[in-house]
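First the structure, in the form of structure tokens, and then the observations on it.
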Amino acid sequence: PYAQIGFINQSQRTEVIQKTLCPTWDQTLIFSNVELYGEPNEIYHDPPHVLIELFDKDEYGLPDFLGRVQCSPIVRLIPDEINPIIKLKWFQVKRGKDNAGELLAAFELFLLPEIDNEKKMPPYPSKRGSLFIVPDLIRPELVRTGIEILCWGVRNMKSFMLSDIDCPQVTFEVGGQQVESTIIKNAKKTPNFDKPLLFLDVMLPKDDLYAPAMNIKVKDHRSFGRKPIVGFHIIKSLELFRCDPTAPSLTLIQAAKCIQSHTITSTNNFVIPMSKKKKKKHRNEHSHSSKVKIVLTNETSDFTNNEIETKIVDKKTMRKRVKQFLKKCKSPVIKPESKLEKIQKAILKDHQQHYQSVLVNQVTIVEEDIDWWSKYYASKGEFNKCGTYIQKGYETLTIYSHPLELYEFYEGFNDFCRTFELSRGKTKFEEENEILGEFKGFFKVYPLPENSNESLPRRIMENFPSNNLEECLVRVYIIRGIDLQAKDSSGKSDPYIEIQLGKIKIDNRDEKISNTINPVFGKMFEIKTIIPLAKDLIIRIKDWDLITSDDIIGQTTIDLENRLLSKYRATCGLPLHYNLTGSNQWRDNILPRKILYDVCKRNNLPLPELLDDHSIKIGNTTFRLEDFEQEKNLTIHVGEEEERLALYILHKLRLCPEHIETRPLFNSFQPFIEQGRLELFVDIFPKSQGPPGPPFIITPRKSKP
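Going left to right, the sequence shown walks through residues 3 to 707 as our numbering numbers them.
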């Protein structure tokens with residue numbers, strides 16, 4: 003590109019910079035002896051405009067017009083008068099009504115002195131060859147800067163010139179320097195780069211105001227040596243990615259806060275807290291009206307349905323659970339009574355050891371009034387619908403009134419890598435905004451030592467997860483729709499769900515809910531997929547029609563890859579307590595202690611150590627279970643102490659909790675108008691980490707006859 007500058011009746015142009023979208027001309031153009039008509043004071047207040055037009059020079063044919071901008075110069079009536087130094091400024095380049103880039107420049111207009119006047123003009127700037135360069139007083143100060151580039155992969159690439167993009171390569175250019183990624187051999191089978199880490203050592207302005215843009219270009223390697231540029235993206239400023247390589251990570255800061263206090267900060271902002279008076283009332287009611295049955299037997303009982311959960315545990319754990327249970331329940335139904343008496347005697351005599359001879363092989367818990375919807379209504383504060391759920395000490399979950407990624411703390415789940423949309427290059431005017439695909443990557447920008455002989459700081463992005471393909475089991479729980487757009491003449495709709503992930507598409511059209519705009523779906527879908535080959539989960543709500551085609555009420559899209567890679571572990575929300583049985587049974591495929599180990603390792607924290615007294619030590623801090631479970635009303639479903647303690651520590655690190663998110667629905671006919679909302683949550687279980695636990699049963703409650 004080059005710039006053509008016109009002022010009054012004179013015109014000049016800059017030199018041509020080859021093959022770049024972010025040219026740095028570093029050039030001063032001087033227009034001499036320009037005649038202006040009018041009073042100097044009038045010109046001072048209303049100077050004539052400077053017109054700059056940008057062109058792309060081609061080897062063959064006429065130059066292509068890129069855009070133009072009009073600027074007003076700063077008028078200097080007295081040249082040698084002490085004036086503030088002019089500063090460079092960004093000007094918006096326009097092509098028609100559309101933005102076409104930005105131009106960093108400054109303009110001055112000097113009144114020439116009369117012949118007998120001793121006033122002198124400022125000296126000419128230095129030259130580079132035959133060209134004047136930007137004066138040192140105006141030129142931004144440059145500092146040595148390091149840019150770490152995480153070149154993760156490309157996604158959803160469309161065809162270019164009737165051919166698929168099979169072998170993409172990404173080029174990064176900033177400050178006159180560039181670096182290229184490796185070439186993906188087959189983007190359809192493996193869309194990630196095998197060597198994702200790149201580095202640039204470049205001189206950039208110290209002030210981010212003058213920093214050049216990062217230019218990302220994607221080219222496709224094709225037969226006969228062809229390498230067409232198939233997409234590009236321009237990051238106007240790298241200020242967002244600036245960091246201090248010697249500073250601790252965000253997670254480490256959180257860990258430091260965790261050391262100061264061992265109390266859990268609840269994230270259940272939408273759960274209505276109970277007063278002490280109500281808690282006491284619920285506790286008293288629970289002690290006289292419990293529906294929990296304990297059956298002690300040596301063989302597996304022939305119970306059916308999902309009301310009964312069975313778990314075999316060791317004697318020590320069982321004694322603790324029974325002791326906790328007996329403290330809460332004064333009149334349970336127990337069979338046989340003789341064995342209960344033995345257990346009670348053993349528990350009451352804490353300092354005697356004859357209770358070790360008590361044989362309890364299995365405890366089966368029957369809770370007929372507790373289901374997943376009890377937790378849901380308790381979390382929303384609708385205590386009249388949750389039965390005795392709260393009184394029994396069960397946990398609640400977090401209900402977000404917005405998509406999970408919009409929670410400010412989670413950074414949109416872009417903490418590991420961001421998604422940059424790729425646009426086409428030179429194309430037809432009506433296709434300028436067409437999106438070709440996506441680039442997944444991240445940047446870390448930080449200053450380097452001025453002395454090139456000094457050692458460089460340690461790379462920040464050294465620890466990253468594997469970029470191999472990951473086979474996953476995805477569970478999509480659709481709870482209910484809220485204020486859906488009516489599609490029928492009756493002012494209602496007949497909504498049903500359609501799930502699409504890659505080439506897989508499933509729905510429950512046969513189970514549509516008639517005549518409603520606030521349907522309670524209570525539906526769970528299981529899909530097996532390979533991330534990142536299929537990463538965009540599309541959830542549609544459609545209106546069932548008997549004769550005509552079904553209308554799309556609205557849809558929402560979830561990037562599963564971002565959730566899988568995020569350090570906030572958005573794959574499966576962490577419950578408040580670790581339970582082995584019951585309606586809140588642990589469903590993740592990794593236990594809390596293993597999760598804690600992985601989180602510490604990934605975030606460069608000291609690895610956790612399990613001590614002999616069942617406490618956990620991280621660095622110089624020791625965490626004990628009693629610090630977290632003081633005055634807690636625990637259920638008999640809780641698991642081992644070590645796992646419970648690890649889970650409490652994980653909550654201190656503010657990983658993604660067990661939740662329900664509320665996502666707005668949109669459609670292409672009215673793209674900026676919300677078509678309703680959807681309450682849901684998604685679990686992602688990588689196959690490499692083992693099988694997951696049982697899914698939640700969220701089937702809607704049926705009214706009793």
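We put the beta carbon where it would ideally sit given N, CA and C, even for glycine.
Please list the terminal residues of the continuous beta strand (DSSP E) segment that includes residue i.
i, result
"Asp100", "Asp100 to Ala107"
"Tyr448", "Ile437 to Pro449"
"Asn217", "Met216 to Asp222"
"Ile506", "Ile506 to Asp509"
"Glu528", "Val522 to Ile533"
"Pro207", "Leu199 to Pro207"
"Trp27", "Per DSSP, Trp27 belongs to no beta strand (DSSP E) and is neither H nor E."
"Tyr409", "Careful: Tyr409 lies outside any beta strand (DSSP E) and carries neither H nor E."
"Leu503", "Pro497 to Leu503"
"Phe93", "Lys91 to Arg97"
"Val181", "Gln179 to Glu182"
"Val640", "Careful: Val640 lies outside any beta strand (DSSP E) and carries neither H nor E."
Mind checking who residue i pairs with in its DSSP beta bridge?
i, result
"His661", "Thr400"
"His235", "Ile218"
"Phe162", "Ser165"
"Gly8", "Ser13 and Leu53"
"Glu175", "Gln180 and Asn217"
"Phe472", "The identity of residue 472 in the sequence shown is Glu, whereas the question assumes Phe. Paired residue(s): Ile533."
"Pro170", "Asp222"
"Cys73", "Val52"
"Ile519", "None, per the DSSP bridge assignment."
"Arg2", "Since the first residue shown for the chain is 3 and the last is 707, residue 2 is missing from the structure and cannot be characterised."
"Asp78", "Looking at the sequence shown, residue 78 is not Asp but Arg. Answer is Phe112, bridged to Arg78."
"Ile620", "Thr623"
"Ile484", "Arg679"
"Arg420", "Gly443"
Under the three-state reduction of DSSP, which class applies to residue i: helix, strand or coil?
i, result
"Tyr479", "strand"
"Ala380", "helix"
"Lys647", "A small correction: the amino acid at residue 647 is Leu; Lys does not occupy that position in the sequence shown. Residue state, collapsed to three classes: helix."
"Asn678", "Position check: residue 678 holds Gly in this sequence, whereas Asn was assumed. Reduced to three states, the DSSP call for Gly678 is coil."
"Gln691", "helix"
"Asn194", "strand"
"Tyr39", "coil"
"Glu17", "coil"
"Ser425", "strand"
"Glu464", "coil"
"Leu68", "strand"
"Leu539", "strand"
"Lys387", "helix"
"Ile45", "helix"
"Glu61", "coil"
"Phe668", "strand"
"Lys514", "coil"
"Asp685", "strand"
"Lys544", "strand"
"Phe625", "strand"
"Pro702", "coil"
"Gly395", "coil"
"Pro3", "coil"
"Pro230", "coil"
Could you round the C-beta distance between residue i and residue j to whole angstroms and report it? I think they count as a contact, below 8 Å.
i, j, result
"Asp485", "Gly678", "5 Å"
"Val220", "Glu440", "Rounded, the Cβ-Cβ distance is 10 Å, inconsistent with contact."
"Ile76", "Glu110", "5 Å"
"Val204", "Thr147", "6 Å"
"Ile7", "Val52", "7 Å"
"Ala213", "Leu240", "6 Å"
In chain order, which continuous runs of the beta strand (DSSP E) of length 3 or greater are located wholly inside the stretch 109-158? Runs found: 110-112 and 144-157.
Segments assigned alpha helix (DSSP H), at least 4 residues, entirely inside the stretch 546-618: You should have 562-567 and 594-604.
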